[in-house]
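First up is the structure itself, then whatever we jot down about it.
2 protein chains.
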Amino acid sequence: MARDDGKAAAARRPRAETPRGFRDYFGAEVAARKAMLDAIAAVYHRHGFEPLETPAVETVEALGKFLPDVDRPNEGVFAWQDDDRDWLALRYDLTAPLARVAAQYRADLPSPYRRYAMGPVWRNEKPGPGRFRQFYQCDADTVGAPSVAADAEICAMLAEALEAAGIARGDYRVRVNNRKVLNGAMEAAGLFDPAEPDRLAPERGIVLRAIDKLDRLGEEGVRALLGEGRRDESGDFTKGAGLSAAQADVVLAFLAAKRADGPATLARLAEVVGGSAIGAEGVAELETVAALLDAQGVGPDRAEIDPAVVRGLGYYTGPVYEAALTFEIADEQGRPRQFGSVAGGGRYDDLVKRFTGQSVPATGVSIGVDRLLAALAARGRAPAAGTMGPVVVTVMDRDRMADCFAMAAELRAAGIRAEVYLGNPRNFGNQLKYADRRGAPAAIIEGSDEAARGVVQVKDLRLGAQIAAGASLEAWKARPAQAEVPRAGLVAAVRAILDRG
Amino acid sequence: MARDDGKAAAARRPRAETPRGFRDYFGAEVAARKAMLDAIAAVYHRHGFEPLETPAVETVEALGKFLPDVDRPNEGVFAWQDDDRDWLALRYDLTAPLARVAAQYRADLPSPYRRYAMGPVWRNEKPGPGRFRQFYQCDADTVGAPSVAADAEICAMLAEALEAAGIARGDYRVRVNNRKVLNGAMEAAGLFDPAEPDRLAPERGIVLRAIDKLDRLGEEGVRALLGEGRRDESGDFTKGAGLSAAQADVVLAFLAAKRADGPATLARLAEVVGGSAIGAEGVAELETVAALLDAQGVGPDRAEIDPAVVRGLGYYTGPVYEAALTFEIADEQGRPRQFGSVAGGGRYDDLVKRFTGQSVPATGVSIGVDRLLAALAARGRAPAAGTMGPVVVTVMDRDRMADCFAMAAELRAAGIRAEVYLGNPRNFGNQLKYADRRGAPAAIIEGSDEAARGVVQVKDLRLGAQIAAGASLEAWKARPAQAEVPRAGLVAAVRAILDRG
């Protein structure tokens, strides 16, 4: 009878691969992220925010086209058609679903509605090193509060959340700015006319994206993008906003308005926006935010006004803010560089209006949890939650498996993490290697000899050196860190090892 | 100038709707699920299982076609093509991704590998009442352990997990069976020949699905499906397996083999499988599982052998198990009915083989967390985690917002959940309604009069009756549950109310 040969069978086998741009998270990685999310959620909760969990899937219609990279508004989501009806997509952030919820349940939600949300979001982008197509966000937003007091609350809460997540005070800075001040500078530069708010909008969009790249391109790079355009190292040319040198000067003066302290910066900003009413409104809002940060005990070592912060998103209408880590890490080439932004947000008064036609004030922040975890790892401070392995009960004899199970159950009933070795028990060395691999603090041995005498061997694996690959049972038992105890003393003996630390 | 009229604008507005078959979870719902997942994860962790988080997205190739509803193997997933390359899909369970991981990282994972995973899964099915296209699963699996000791461990752990989740002992039962016993009964009925294992596979598939419907259709319904077929109430006809009456008798004898206790059931099963070697092997495995459950202190009040449990999935190869809630709830028509299954699993030794060509033993359970939450709600025992609202600091005067922020920050620094009212402060009645809506235990008032005298009003909202919609500030202050305290005594006064409570 004809049978498939091995090769043909192999050719039909599916590839065991994570899809391109996605990754798996194991053990301590999962525990560390959970510990961080729990710590941040506790801060949000203490501030009166309520959890909300929307589905991963939204209609494309509800999501809209508000992806951060405004250069490519039509791309970036994973989408498909649902049974020849609606187009569905995976959410690309947690803000668009909130806007949908705020519109859908507007009669039932408290107003203002403070909510937090955490979970994965998806971007259909070209993956790169450290750049994944699924990652976690952890957001807090206030919907229905027109006052910038809501923005000040979120900025202070962001500082507390970062500290709860393990970022030391001094290692981060929350930077606050206001789009109205930017619009005031644009008005002073002749790029914005309150009487015709839509005129020159494309040019202002280019300006926005150009100044958002200040960190990366420096002042000269931004100046080029404000003017005719810029050719990058690869030779690609990015068309600029076409501003005159005088106009570019006003924009660059805005970006460079930061002074030694908040009041001095505010005074300088008032000069830059000149007679612009919207600009003056923005400066006044920044003053209020600064006063309310102070009232909450958030000083300049934690939050500051920084005109260079603009945030790339087109939909912000007032205060914008971000949190950057201030320490340096080594890049792939070993060169020191700033870690940079780990959270950002702002006021977006028009997102809910898309659905209802009525403007609903809203403001909120998104923390990039995966970047924050990477930062902690770079500082050598990754949370150690749940990294201790279980006590491993070894199996000397398949026929006494029930005894092994009873011992593990006894340990667990005492609150001690424990498991029975469930591989092939014949090679005892493999059991020791397994216990080592699992980071087990202790191993339990009960051979027929021990069983007959009513005792067990308890081995302290944290004291012992690395277990040699081929260690025999006898050699292992001879080590000093092993003790024979009465069977009834099992739990006490293990607890003594754990307490020893 | 021509402007859009309201109608045209409304026509262009997106609908604010959760996609068909999806839902949003608010506040206490999110907190209750999180509390349940945390409780179950703690049990899994204590048993030595490690967390694993795979992405929501897998290649269609890696997922395979193992959806539970084996009648429609080609449907049921949300899928799309990735940039004209691989087809991608949302995972429909947590087992298929585990099989992919076990194959992909087989050189790096400990063996046996115990892992747990929790998160949403997606099914592209017709939504119905209480039937959603995204729901949570909470799985634990052991890969690489050939012994049924691994199955016994998971069955005992399942009982503990259900109790940790709030299901009282006596309100659930873990039921264990073994596909090998079923195959033995099939062999006894002439439906399975170990020498030609693939022959009559379609008929056996129909038998499997028929007996999985015993709960719903009763013995007569199953007998019809074992024979020529069955016409349901709507008039639809389901083709049967075509068994003779004598063959059907053997299968039905298997299903009815449960006796008063485990040993009696095992003895009866040994009779039903007759001389079948595979059947005898299955009975012996069930005996081992029973002994190991006993060793872990899991008695017949928590787990039992039940031949009627077969699980619909085609891929199980040995032990199968499920947990059912034993209490009755009222259905939509108010009639009492069994709540039924909330968790299920079994041994699937061939899933990893799809990728590697080598058989890898594996067994695991999946808990349907959303069904379990519904069960707790039906018993009036929904976890109350995080349901207390924040202390609300009211705002009498916009100019003293900084004072309000300072008070809220002070309360939070003392560990008390607190927020400032951020809506329009002009109508004080709205602030009181808001505090009521938020479930606030207390409200703080500091008018200009209080500020001048260095005091604040602290209102105990849990003592007071429902706040009347239009209550005036004066009427509200007059209530006995309100106290004037020195500003410096704010935290102590609020804590006294919380402790009272």
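Chains A and B, in that order, give the protein sequences. Per this note's numbering, numbering through the first sequence is continuous, rising by one, with the last residue being 501. Per this note's numbering, numbering through the second sequence is continuous, rising by one, with the last residue being 1501. Virtual Cβ for every residue (Gly too), placed ideally from N, Cα, C. Here the structure is a predicted model, which is why all the values come from computation and not from measurement.
* State the DSSP-derived secondary structure class of aspartate 82 (chain A), mapped to helix, strand or coil. => Aspartate 82 (chain A) falls in the coil class under three-state DSSP.
* Range of the contiguous alpha helix (DSSP H) that encloses leucine 1225 (chain B) -> 1214-1226 is the extent of the alpha helix (DSSP H) around leucine 1225 (chain B).
* In chain order, what residues of the segment 1089-1111 of chain B put their CB closer than 7 Å to some CB of chain A? -> If the cut-off is 7 Å between Cβ atoms, the segment 1089-1111 of chain B has Arg1100, Val1101, Ala1103, Gln1104, Pro1110 and Ser1111 near chain A.
* To do: Determine the burial state of arginine 1417 (chain B): buried for a count of at least 16 other Cβ atoms within 10 Å of its Cβ, exposed for fewer.
  => Classification of arginine 1417 (chain B): buried, given that the 10 Å Cβ count is 16 or more.
* To do: Take tyrosine 92 (chain A) as the anchor and find which of A:Asp139, A:Ser111 and A:Asp108 has the nearest alpha-carbon.
  => The residue from A:Asp139, A:Ser111 and A:Asp108 with its alpha-carbon nearest to that of tyrosine 92 (chain A) is A:Asp139.
* Asked: So, using beta-carbon positions, are alanine 1175 (chain B) and aspartate 1306 (chain B) closer together than 9 Å?
  -> The residue you asked about is not alanine; residue 1175 (chain B) is arginine in the sequence shown. Taking 9 Å as the Cβ cut-off, arginine 1175 (chain B) and aspartate 1306 (chain B) qualify as a contacting pair.
* **Alpha carbon of glutamine 1466 (chain B) to alpha carbon of glycine 1439 (chain B), nearest angstrom** => Bear in mind that the predicted position of glutamine 1466 (chain B) carries a pLDDT of just 41, short of 50, making it unreliable; the figure below should be weighed with that in mind. Between glutamine 1466 (chain B) and glycine 1439 (chain B), the C-alpha separation is close to 11 Å.
* Asked: Just to confirm, are leucine 373 (chain A) and arginine 13 (chain A) a CB contact at a threshold of 9 Å?
  -> Contact: no.
* Backbone secondary structure at tyrosine 1316 (chain B) - three-state DSSP -> For tyrosine 1316 (chain B), the three-state secondary structure derived from DSSP is coil.
* To do: Please classify glycine 274 (chain A): does DSSP put it in a helix, a strand, or coil?
  => In the structure shown, glycine 274 (chain A) sits in coil (DSSP, three-state: anything other than H, G, I, E or B).
* Reduced DSSP category for valine 1391 (chain B) - H, G, I as helix; E, B as strand; rest coil -> Residue state, collapsed to three classes: strand.
* Please report the residue range of the beta strand (DSSP E) in which alanine 1145 (chain B) lies. => Alanine 1145 (chain B) -> no beta strand (DSSP E), and no H or E assigned at all.
* Determine the extent of the beta strand (DSSP E) in which arginine 444 (chain A) is found, giving its start and end residues. => The question names arginine, but residue 444 (chain A) is isoleucine in the sequence shown. Run containing isoleucine 444 (chain A): 442-445, per the beta strand (DSSP E) assignment.
* Below-9 Å beta-carbon distance, glutamine 1137 (chain B) vs any chain A residue -> Chain A, which has no Cβ nearer than 9 Å to the Cβ of glutamine 1137 (chain B), makes this no.
* Asked: In whole angstroms, what separates the C-alpha of leucine 1580 (chain B) from that of methionine 1118 (chain B)?
  -> Nothing in the structure corresponds to residue 1580 (chain B), since chain B is present only between 1001 and 1501.
* By Cβ distance, which residues of its chain are closer than 6 Å to tyrosine 1136 (chain B), with the 5 residues on each side in sequence left out? -> Correct list, in chain order: Pro1120, Val1369 and Asp1370.
* From this set, B:Leu1266, B:Ala1189, B:Ala1195 and B:Gly1218, which residue's C-alpha is nearest arginine 1204 (chain B)'s C-alpha? -> Taking the Cα of arginine 1204 (chain B) as reference, the smallest distance to any Cα among B:Leu1266, B:Ala1189, B:Ala1195 and B:Gly1218 is reached at B:Ala1189.
* Flag this pair as yes or no: are the beta carbons of valine 1395 (chain B) and valine 1420 (chain B) separated by less than 9 Å? => Yes, Cβ-Cβ distance for valine 1395 (chain B) and valine 1420 (chain B) is below 9 Å.
* Asked: By how many angstroms is the C-alpha of proline 1110 (chain B) removed from the C-alpha of aspartate 1349 (chain B)?
  -> For aspartate 1349 (chain B) and proline 1110 (chain B), the gap between their C-alpha atoms comes out near 18 Å.
* **As assigned by DSSP and simplified to three states, the class of tyrosine 105 (chain A)** => Of the three classes helix, strand and coil, the one that applies to tyrosine 105 (chain A) here is coil, per DSSP.
* When the Cα of alanine 248 (chain A) is compared with those of A:Arg223, A:Glu228, A:Arg230 and A:Gly240, which residue comes out closest? -> By alpha-carbon distance to alanine 248 (chain A), the top candidate from A:Arg223, A:Glu228, A:Arg230 and A:Gly240 is A:Arg223.
* For chain B, find out if any of its Cβ atoms is closer than 9 Å to the Cβ of serine 448 (chain A); answer yes or no. => When Cβ-Cβ separations below 9 Å define contact, serine 448 (chain A) makes no contact with chain B.
* Identify whether arginine 20 (chain A) lies in helix, strand or coil by the three-state DSSP scheme. => Correct three-state label for arginine 20 (chain A): coil.
* If you drop the 5 nearest sequence neighbours on each side, which residues of the same chain put their C-beta closer than 8 Å to that of valine 1309 (chain B)? -> Around valine 1309 (chain B): Arg1175, Val1176, Asn1177, Val1320, Tyr1321 and Glu1322.
* Asked: So is proline 307 (chain A) in contact with chain B if we call contact Cβ pairs under 9 Å?
  -> No, proline 307 (chain A) does not count as interfacial toward chain B.
* Can you pull the chain A residues whose beta carbon is under 7 Å from the beta carbon of leucine 1422 (chain B), in chain order? => For leucine 1422 (chain B), the chain A residues whose Cβ falls inside 7 Å of its Cβ are Pro112, Thr142, Ala145, Ser147, Ala149 and Ala150, in order along the chain.
* Asked: Does any residue of chain A bring its CB to less than 9 Å from the CB of alanine 1284 (chain B)?
  -> No, alanine 1284 (chain B) lies away from the interface with chain A (no Cβ there is under 9 Å from its Cβ).
* CA-CA distance, asparagine 1427 (chain B) and isoleucine 1444 (chain B)? -> Whole-angstrom Cα-Cα distance: 16 Å.
* In angstroms, rounded to a whole number, what distance separates the CA positions of valine 60 (chain A) and threonine 95 (chain A)? -> Going from the Cα of valine 60 (chain A) to the Cα of threonine 95 (chain A) covers about 14 Å.
* Classification of methionine 1 (chain A) by the beta-carbon crowding that lies within 10 angstroms, buried from 16 upward -> Low confidence applies to methionine 1 (chain A): its pLDDT is 37, below 50, so where it sits in the model is not reliable, and the reading given next is rough at best. Exposed, since its Cβ has fewer than 16 Cβ neighbours within 10 Å.
* Asked: Nearest chain A C-beta to alanine 1165 (chain B) closer than 9 Å, yes or no?
  -> Not closer than 9 Å to any Cβ of chain A, the Cβ of alanine 1165 (chain B) fails to qualify, so no.
* To do: Kindly indicate the opening and closing residues of the alpha helix (DSSP H) around alanine 31 (chain A).
  => It spans 27-46 - the alpha helix (DSSP H) in which alanine 31 (chain A) sits, taken as one unbroken run.
* If I'm right that glycine 1240 (chain B) touches isoleucine 1211 (chain B) with Cβ under 8 Å, what's the distance once you round it to whole angstroms? => About 12 Å; that fails the 8 Å criterion.
* Compute the beta-carbon to beta-carbon distance between alanine 1185 (chain B) and valine 1272 (chain B), rounded to the nearest angstrom, for a pair I have assumed lies under 8 Å. => For a cut-off of 8 Å, the C-beta gap from alanine 1185 (chain B) to valine 1272 (chain B) is around 5 Å, short enough to register as a contact.
* Asked: Where valine 1494 (chain B) and threonine 142 (chain A) are concerned, what is the direct C-alpha to C-alpha distance, given to the nearest angstrom?
  -> When rounded, the separation of the alpha-carbon atoms in valine 1494 (chain B) and threonine 142 (chain A) is 25 Å.
* To do: Report yes or no: is there a C-beta of chain B within less than 9 Å of the C-beta of threonine 326 (chain A)?
  => At a cut-off of 9 Å between beta carbons, threonine 326 (chain A) makes no contact with chain B.
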